[in-house]
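Numbering (my numbering), first residue to last: 5 to 152. Backbone N, C-alpha and C define an ideal beta-carbon position, used for all residues, glycine too. This structure is a prediction, so every number in the text was calculated from the model and none was measured.
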Amino acid sequence: MSQDYEQGEEIEIEAIGIEVSSHPIELYKVFKIANLVGGGGEAKHLISEGYVAVNGELETRKRRKMYDGDFFEFNQEYYVVVCDAPVTEPEDKPVKQEKKAEKKAEKKTGRKAKSSKASSSKQKKNVPEDKPASKSKNSNGRGSIDFF
Numbered sequence: 005m006s007q008d009y010e011q012g013e014e015i016e017i018e019a020i021g022i023e024v025s026s027h028p029i030e031l032y033k034v035f036k037i038a039n040l041v042g043g044g045g046e047a048k049h050l051i052s053e054g055y056v057a058v059n060g061e062l063e064t065r066k067r068r069k070m071y072d073g074d075f076f077e078f079n080q081e082y083y084v085v086v087c088d089a090p091v092t093e094p095e096d097k098p099v100k101q102e103k104k105a106e107k108k109a110e111k112k113t114g115r116k117a118k119s120s121k122a123s124s125s126k127q128k129k130n131v132p133e134d135k136p137a138s139k140s141k142n143s144n145g146r147g148s149i150d151f152f
């Protein structure tokens, strides 16, 4: 019988269907959707320890992408991923780079605004009221500094 299986004969198994809204979906998320585990951390632990087989092969990658029709074995039960929606590949990398650039710009402007507010409040406290506050500004917006 093992020879028949090795020659490519298909076997029929009974699997529990797990419906997901979109695919690909990470393996640990399928565990959470199917309520096989209490949380994502537990799912990641079970997968990394080698308690899961995907499509007949041992799987230790927590973020393995599962598609419609993929099946996995866990705790002597078979499960199959079911999804009617078309495959949608997320393009995270370009979006993340754009967001990082925006965040850096916001942080830079935010820090400058904070430091200018702090320095202006300090200057108001330290500068005596007798001196006239006349500072010439250059075209780039910076004020000149008088040392003496």
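Buried or exposed by the 16-neighbour rule on C-beta atoms within 10 Å, applied to residue i
{"i": "Phe225", "result": "As displayed, the chain neither begins before 5 nor continues past 152, which places residue 225 out of reach and without an answer."}
{"i": "Val91", "result": "exposed"}
{"i": "Ala89", "result": "exposed"}
{"i": "Glu13", "result": "exposed"}
{"i": "Ile149", "result": "exposed"}
{"i": "Ile22", "result": "buried"}
7 angstroms Cβ cutoff met for residue i and residue j
{"i": "Leu31", "j": "Arg68", "result": "yes"}
{"i": "Cys87", "j": "His27", "result": "yes"}
{"i": "Ala38", "j": "Tyr82", "result": "no"}
{"i": "Ser56", "j": "Phe75", "result": "Checking the displayed sequence, the identity of residue 56 turns out to be Val instead of Ser. Contact flag unset, no."}
{"i": "Val85", "j": "Asp72", "result": "yes"}
{"i": "Ile17", "j": "Met70", "result": "no"}
{"i": "Lys66", "j": "Ile51", "result": "yes"}
Three-state class that DSSP yields for residue i in the structure shown
{"i": "Ser119", "result": "Confidence at Ser119 is low in this model, with a pLDDT of 49, below 50, so its placement is unreliable and no value can be given for it."}
{"i": "Phe152", "result": "coil"}
Whole runs of the beta strand (DSSP E) within the segment 61 to 100, excluding any shorter than 3 residues:
75 to 78 and 81 to 86
Contained beta strand (DSSP E) runs [length at least 3] in the segment 11 to 47, N- to C-terminal order:
20 to 23
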